[in-house]
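The listed protein sequences correspond, in order, to chains S and C. Here numbering that gives the first Met the number 0 is used: the first residue of the first sequence is 0, the next is one more, and so on. Here numbering that gives the first Met the number 0 is used: the first residue of the second sequence is 0, the next is one more, and so on. We treat Cβ as the ideally placed atom computed from N, Cα and C, and that holds for glycine. Computed from a prediction, not measured in an experiment: that's the story for all the values here. Accompanying notes for the structure given below.
Number of protein chains: 2
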Amino acid sequence: MMNNDAKTSSLAHIENLIPSLSIDCVIVGFKNQELHVLTMKLKGADLNALPGGFVRHHENLDQAALRTLKERTGLTVTFLEQFYTFSDVNRGKDKRIEQHLNKANLLTPGTKIWMQQRFISTAYLALVEMNQCDLKPDLLSEKCEWYPMNNLPHLLFDHNTIITKALEHLKVKIRYLPIGIALLPHKFTMKEIQSIYEFILNKKLDRANFQKKILRLGFLIRHEKQLSGGAHKAPYLYSFDRKKYNLLVENGIGFI
Amino acid sequence: MMNNDAKTSSLAHIENLIPSLSIDCVIVGFKNQELHVLTMKLKGADLNALPGGFVRHHENLDQAALRTLKERTGLTVTFLEQFYTFSDVNRGKDKRIEQHLNKANLLTPGTKIWMQQRFISTAYLALVEMNQCDLKPDLLSEKCEWYPMNNLPHLLFDHNTIITKALEHLKVKIRYLPIGIALLPHKFTMKEIQSIYEFILNKKLDRANFQKKILRLGFLIRHEKQLSGGAHKAPYLYSFDRKKYNLLVENGIGFI
DNA sequence: ACAAAAGTGTTATCCTTACACCCATGT
DNA sequence: ACATGGGTGTAAGGATAACACTTTTGT
């Protein structure tokens, strides 16, 4: 058991964790036509990092990622998928945090030694509905912050690299799978789902052609009730036909 | 230092390895219109496993995979790519090998303890030219064996699952990248490259349309010299235009 | 009335698909 | 000569891309 007073933080039961291994979560949401990433702002420093965690002896990586996602956002069911394992020898070195940890007395000695290990980290991508999240910081952080994916601060360690790789992963997936059901609220507009595609593919798509193409796939339900309050002509609202959506997830959207 | 006599095998310098972590390599070659996977036949038992290795403290996963590939095949430059990290709690349990190791006195005590850890293993896919390989078994195995990818024996641990995932990975990659340069010899026929596509996609493709489609991509060079000795009409031989091939690898073959 | 956003329609072009046809070669 | 594998051609249908036109709504 470890000492855990008001000043210093410790990880519960370090002896239950697998050494050298960690997970990092790229938790992605959608707002204002942009993808956003959840980061943790560290206590007492202007430093942000991806939410992450460690792997217990009796769980697998998926379970560790699910646990982390739930602890930070309260969510249990979303899109969650492993996409890469990062292992650069110096990926855990970052002058900024070394200075910070030396300045403040934030960690118990045992936790400090644990944190100074070389970690090999498996990264997970989570797609979530931003306003469904009930955000909670972890031991080392004072709050959670969403950042637009293409206007990120300089995160700790190799976390910017991890996010770049996550976006590449999405760019590949979007070619053969429908995307969006986990990011959007129950009802949404065509412009919103098009914005997701444009953001991931990093190119403008023709409005008319996009609509035809995605409606032809048949997993969108159009509702007659329309958006009120907005300026100009009100767009239709859509929702996902989950059965047809899941069928496409299983079979893929054909290329060859 | 460990004892290493004629009867028992030991890993050199266990203290230099990161515990709990391993890598597995799915080394894929092409022969007789089929993809093949390299396996290791264990000493004194009718058991096969994927070639694998451990990670040293001063190397990353890519380096560990490269090292393993080189040790087994002698190859240094090929397609080599991480595709998934396997972490099921019971993935290292296999009754067959426990019985085998108890029967024979194959391992030094230190090595035996090391092997009984729970390993989390990052899997790599290597595409190689089969007849360029200079195969060498490792400490635990007596020889290397190629098996057709759709006629594999029941491999140790979760290795069949790993190979299935590797094939799925290829199936995704082939949608947006050219494949084949690492599998085929310098000169090859259109039928050979079509067979690779058919195998990975698990469907027959129209001969005429495949040829038009792949030639339009522009990375194949047709040679006027033709195959001799074969029955019936001799096919053209092709080779890869590496510059154009690599351009397509960078930019992808468009879908959206 | 006008601008802006949203919905729909039209056309040319390209790609895919499914064949048919011809050519070369060993038996 | 013929069976077999290989190379090329073609016509129908579908998908894509670019753009024009219409509708709705707040100001």
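Exercise. With a cut-off of 8 Å, does the C-beta of C:Arg215 fall near any C-beta of chain S?
Worked result: Along the second sequence, one-based indexing puts residue 215 of chain C at 216. It does not: the Cβ of C:Arg215 has no partner Cβ on chain S nearer than 8 Å.
For this session: Mind listing the chain C neighbours of S:Asp45? Cutoff is C-beta to C-beta under 8 Å, in chain order.
Result: Mapped onto the first sequence, residue 45 of chain S falls at position 46. Correct list: empty, because the minimum Cβ distance to chain C is about 30 Å.
Exercise. Which residue's Cα is closest to the Cα of S:His153: S:Glu141, S:Ile96 and S:Lys142?
Worked result: Mapped onto the first sequence, residue 153 of chain S falls at position 154. Closest by alpha carbon: S:Ile96.
Exercise. Taking any Cβ of chain C, which residues in the stretch 140-164 of chain S have a Cβ under 9 Å from it, in chain order?
Worked result: Flagged: no residues at all.
Problem set entry | Whole-angstrom distance between C:Asn59 and S:Pro50, CA atom to CA atom | Walking along the first sequence from the start, residue 50 of chain S turns up at place 51. Walking along the second sequence from the start, residue 59 of chain C turns up at place 60. Distance between the alpha carbons of S:Pro50 and C:Asn59 is about 22 Å.
Exercise. Using a beta-carbon distance below 8 Å, is C:Asp240 in contact with chain S?
Worked result: Residue mapping note: residue 240 of chain C aligns to position 241 of the second sequence, counting from 1. False, the Cβ-Cβ gap to chain S never drops below 8 Å.
Exercise. Which stretch, first to last residue, makes up the beta strand (DSSP E) that contains C:Ser194?
Worked result: As a working note, residue 194 of chain C is residue 195 in the second sequence. It is not in any beta strand (DSSP E) - C:Ser194 instead sits in the alpha helix (DSSP H) that spans Met189 to Leu200.
For this session: Measuring alpha carbon to alpha carbon, tell me which of S:Thr160, S:Leu151, S:Tyr175 and S:Glu167 ends up nearest S:Lys40.
Result: Working through the first sequence from its first residue, we reach residue 40 of chain S at position 41. Here the closest residue by C-alpha is S:Leu151.
Problem set entry | Interface residues of chain C facing S:Leu60 [CB-CB closer than 8 Å] | For this step, residue 60 of chain S is matched to residue 61 along the first sequence. The answer, in chain order, is Thr84, Ser86 and Ile119.
Exercise. Whole-angstrom Cβ separation of S:Phe198 and S:Glu80, contact assumed at under 8 Å?
Worked result: In the first sequence, counting from the first residue as 1, residue 198 of chain S sits at position 199. In the first sequence, counting from the first residue as 1, residue 80 of chain S sits at position 81. Their Cβ separation, rounded to whole angstroms, is 18 Å, which puts S:Phe198 and S:Glu80 out of contact at 8 Å.
Exercise. Alpha helix (DSSP H) containing C:Gly52: first to last residue?
Worked result: Locating residue 52 of chain C in the second sequence gives position 53, counting from the first residue. Segment Gly51 to Arg55 is the beta strand (DSSP E) holding C:Gly52; no alpha helix (DSSP H) there.
For this session: Return the first residue and the last residue of the alpha helix (DSSP H) that S:Arg66 is part of.
Result: For the purposes of this step, residue 66 of chain S is taken as the residue at position 67 of the first sequence. Element bounds for S:Arg66: Leu60 to Thr72.
For this session: Consider the Cβ of C:Leu20: report whether some Cβ of chain S lies at a distance smaller than 8 Å.
Result: Reading the second sequence from its first residue, position 21 is the one you call residue 20 of chain C. With 8 Å as the cut-off, C:Leu20 counts as an interface residue toward chain S.
Exercise. Going by the beta-carbon positions, is the gap between S:Ile161 and S:Gly179 smaller than 8 Å?
Worked result: Mapped onto the first sequence, residue 161 of chain S falls at position 162. Mapped onto the first sequence, residue 179 of chain S falls at position 180. Not in contact: S:Ile161 and S:Gly179 (Cβ atoms no closer than 8 Å).
Problem set entry | Beta-carbon contacts of C:Arg66 that lie in its chain and below 8 Å, excluding the five residues immediately before and after | Here the question's residue 66 of chain C lines up with position 67 in the second sequence. Same-chain partners within the cutoff: Gly52 and Glu58.
For this session: Please determine, among S:Ile119, S:Leu169 and S:Leu37, the residue with the shortest C-alpha to C-alpha distance to C:Arg55.
Result: Within the second sequence, residue 55 of chain C is the residue found at index 56, counting from 1. The residue with the shortest Cα to Cα distance from C:Arg55 is S:Ile119.
Exercise. Does the beta-carbon of C:Thr75 have 16 or more other beta-carbons within 10 angstroms, so that it is buried, or is it exposed?
Worked result: Mapped onto the second sequence, residue 75 of chain C falls at position 76. It counts as exposed.
Exercise. Is it right to say C:His35 is buried, meaning 16 or more other beta carbons lie within 10 angstroms of its own, or is it exposed?
Worked result: Here residue 35 of chain C is taken as the residue at index 36 of the second sequence, counted from 1. Classified as buried, C:His35 has 16 or more neighbouring CB atoms from the shown chains inside 10 Å of its CB.
Exercise. For C:Gln225, which beta-bridge partners are listed by DSSP?
Worked result: Locating residue 225 of chain C in the second sequence gives position 226, where the first residue counts as 1. Per DSSP, C:Tyr235.
Exercise. S:Val171 touches chain C at which residues, Cβ-Cβ below 8 Å?
Worked result: In the first sequence, the residue the question calls residue 171 of chain S occupies position 172. Residues of chain C passing the Cβ test: Val171 and Tyr175.
Problem set entry | Close-in-space but distant-in-sequence residues of the same chain around S:Glu249 (CB under 8 Å, 5 per side omitted) | As a first step, residue 249 of chain S is located in the first sequence; it is residue number 250 there, counting from the start. Excluding positions up to five away in sequence, the list is empty.
Problem set entry | S:Leu124 versus S:Trp113, S:Thr110, S:Glu141 and S:His168, residue with shortest Cα-Cα distance | In the first sequence, residue 124 of chain S corresponds to position 125, counting from 1. If we check each option's Cα against that of S:Leu124, S:His168 comes out closest.
Problem set entry | Min CB distance C:Gln81 to chain S below 8 Å | Taking the second sequence and counting its residues from 1, one reaches residue 81 of chain C at position 82. Interface residue, yes.
Exercise. Is it buried or exposed for C:Ala122, if we count other Cβ within 10 angstroms and need 16 for buried?
Worked result: What you label residue 122 of chain C is simply residue 123 of the second sequence in a count that begins at 1. That one is buried.
Problem set entry | Under 7 Å (Cβ pairs) to chain C, residues found in the stretch 190-221 of chain S | Leu200
Exercise. In its own chain, which residues sit with a C-beta less than 8 Å from the C-beta of C:Leu204, not counting the 5 before and 5 after it?
Worked result: Position 205 of the second sequence, counted from the first residue, corresponds to residue 204 of chain C. Cβ within range, chain order: Gln193, Tyr196 and Glu197.
For this session: Using 10 angstroms around the beta-carbon of C:Ala48, count the other beta-carbons present and answer buried if the total reaches 16, otherwise exposed.
Result: Walking along the second sequence from the start, residue 48 of chain C turns up at place 49. When all chains shown are included, C:Ala48 counts as buried.
Problem set entry | Reduced DSSP category for S:Leu100 - H, G, I as helix; E, B as strand; rest coil | As a working mapping, residue 100 of chain S is identified with position 101 in the first sequence. Helix at S:Leu100.
Exercise. With S:Ser21 and C:Ser19 assumed to form a contact (beta carbons below 8 Å), what rounded beta-carbon distance in angstroms separates them?
Worked result: Stepping through the first sequence from its first residue, residue 21 of chain S is reached at position 22. Stepping through the second sequence from its first residue, residue 19 of chain C is reached at position 20. Between C:Ser19 and S:Ser21 the Cβ distance is about 12 Å, and since that is not below 8 Å, they are no contact.
Exercise. Between which two residues does the alpha helix (DSSP H) harbouring C:Gly109 extend?
Worked result: As a working note, residue 109 of chain C is residue 110 in the second sequence. Segment Pro108 to Met114, the alpha helix (DSSP H) holding C:Gly109.
Exercise. How long is the line joining the alpha carbons of C:Ala207 and C:Lys190, rounded to whole angstroms?
Worked result: In the second sequence, residue 207 of chain C corresponds to position 208, counting from 1. In the second sequence, residue 190 of chain C corresponds to position 191, counting from 1. The straight-line gap from Cα to Cα measures roughly 11 Å.
Problem set entry | Nearest-angstrom Cα separation, counted from C:Ala11 out to C:Asp4 | Residue 4 of chain C sits at position 5 when you count from the first residue of the second sequence. Residue 11 of chain C sits at position 12 when you count from the first residue of the second sequence. Because the pLDDT at C:Asp4 is just 45, under 50, the model does not fix this residue reliably, and the point stays unresolved.
Exercise. With distances taken from CA atoms, which of S:Ala230, S:Glu223, S:His185 and S:Lys232 is nearest S:Asp240?
Worked result: In the first sequence, the residue the question calls residue 240 of chain S occupies position 241. The shortest Cα separation from S:Asp240 among S:Ala230, S:Glu223, S:His185 and S:Lys232 belongs to S:His185.
Problem set entry | Within chain C, the residues that S:His12 reaches when beta carbons sit closer than 7 Å | Here residue 12 of chain S refers to the residue found at position 13 when the first sequence is read from its first residue. Listed along the chain, the chain C residues whose CB falls inside 7 Å of the CB of S:His12 amount to none; the nearest CB is some 17 Å away.
Problem set entry | Reference S:Lys243, options S:Leu155, S:Tyr235, S:Pro234 and S:Ile220, closest by Cα | Residue mapping note: residue 243 of chain S aligns to position 244 of the first sequence, counting from 1. The candidate whose alpha carbon is nearest that of S:Lys243 is S:Ile220.
For this session: Determine the direct distance from the alpha carbon of S:Arg71 to that of S:Gln98, and round the result to whole angstroms.
Result: Walking along the first sequence from the start, residue 98 of chain S turns up at place 99. Walking along the first sequence from the start, residue 71 of chain S turns up at place 72. Rounded to the nearest angstrom, the two C-alpha atoms are 26 Å apart.
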